[in-house]
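Following: one structure in structure tokens, then a few remarks.
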Amino acid sequence: QQQVRQSSQSLTVWEGETAILNCSYENSAFDYFPWYQQFPGEGPALLIAIRSVSDKKEDGRFTIFFNKREKNLSLHIKDSQPGDSATYFCAASDTNAYKVIFGKGTHLHVLP
Amino acid sequence: NAGVIQTPRHKVTGKGQEATLWCEPISGHSAVFWYRQTIVQGLEFLTYFRNQAPIDDSGMPKERFSAQMPNQSHSTLKIQSTQPQDSAVYLCASSPRDREDTQYFGPGTRLLVL
């Protein structure tokens, strides 16, 4: 059973639109949710993260919205650019845990 | 400030041969992780070292895979008698002390077993 689930394998948006990537999780003990961005030929890179005490985390064009009751979260990429085309992984871990559980990833395509 | 370094970036082996993958974590980081990435399975945890000690190898296929961390500056993942199903990208990540949930990944080694 997948503990972290990303609802879309692939998402295509036009340049300038807001891309919304959705994620849900099973384990109520998870309290740290990083999002990683991966370009072809590279390893995943930490993009933005949120802890469960918050319901929103913003960093430039990237915002995480978190709903603890529903056990889901989303990554919003405002004003999407072709350079944002990449695979985005939602991940989760619980307090003091080293094991980060990754979703299968969403391939984002931003069309010019 | 170099990130995690992995060598080689690409490796092609014949079925039954041995493959050794190298990882140099970020200087000062205390934790090292190995993952395997495939299209079908995504990112799979393999093993984890803290301060060079093996902590969790629950993701490692028991028979042919082994990992070591002989010193704080490098770790190796060895696959004996490689099989075509071992073909994947093997990723190494490191974390700073007390923030092991924040992992910094290397570029990976793409292993192809023919």
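Read top to bottom, the protein sequences are chains V and D.
Each residue of the first sequence is one higher than the one before, counting from -15 in my numbering.
Each residue of the second sequence is one higher than the one before, counting from 63 in my numbering.
Ideal Cβ positions, reconstructed from N, Cα and C, are used throughout, including at glycine.
Just so it is clear, the structure is predicted and the values come from calculations on it, not from any experiment.
query: From Gln142(D), Leu153(D), Arg159(D), Asp163(D), residue whose alpha carbon lies closest to that of Arg71(D); result: Leu153(D)
query: Chain V residues whose Cβ lies nearer than 8 Å to that of Gly168(D); result: Gly27
query: Neighbouring residues, chain V, relative to Asp119(D) (Cβ below 7 Å); result: Correct list: empty, because the minimum Cβ distance to chain V is about 12 Å.
query: Given Gln79(D) as reference, the closest of Ile67(D), Ser92(D), Phe127(D), Ala64(D) once Cα atoms are compared; result: Phe127(D)
query: Closer than 8 Å to chain D by CB, Phe14(V); result: no
query: Chain-order list of residues whose beta-carbon lies under 7 Å from that of Glu106(D) (same chain, five-residue window excluded); result: Tyr97, Arg98, Gly121
query: Per-residue burial, Ser137(D) [other beta carbons within 10 Å of its own, 16 or more giving buried]; result: buried
query: Contacts of Glu162(D) in chain V (Cβ-Cβ under 7 Å); result: Tyr82
query: Within 8 Å, strictly: CB atoms of Glu26(V) and Pro169(D); result: yes
query: Uninterrupted beta strand (DSSP E) stretches inside the segment 145 to 176 of chain D (no shorter than 3 residues); result: 150 to 157, 171 to 175
query: Ala76(V) vs Phe17(V) beta-carbon contact at 8 Å; result: yes
query: Nearest-angstrom Cα separation, counted from Ala29(V) out to Gln22(V); result: 6 Å
query: Residues in the segment 29 to 44 of chain V having any Cβ partner in chain D nearer than 8 Å; result: Ala29, Leu30, Ala33
query: Cα-Cα separation between Gln68(D) and Cys85(D), rounded to whole angstroms; result: 5 Å
query: Own chain partners of Lys62(V) with C-beta closer than 6 Å, once the 5 adjacent residues on each side are dropped; result: Thr2, Arg45
query: Contact set between Tyr110(D) and chain V, taken where Cβ atoms lie within less than 9 Å; result: Tyr82, Lys83
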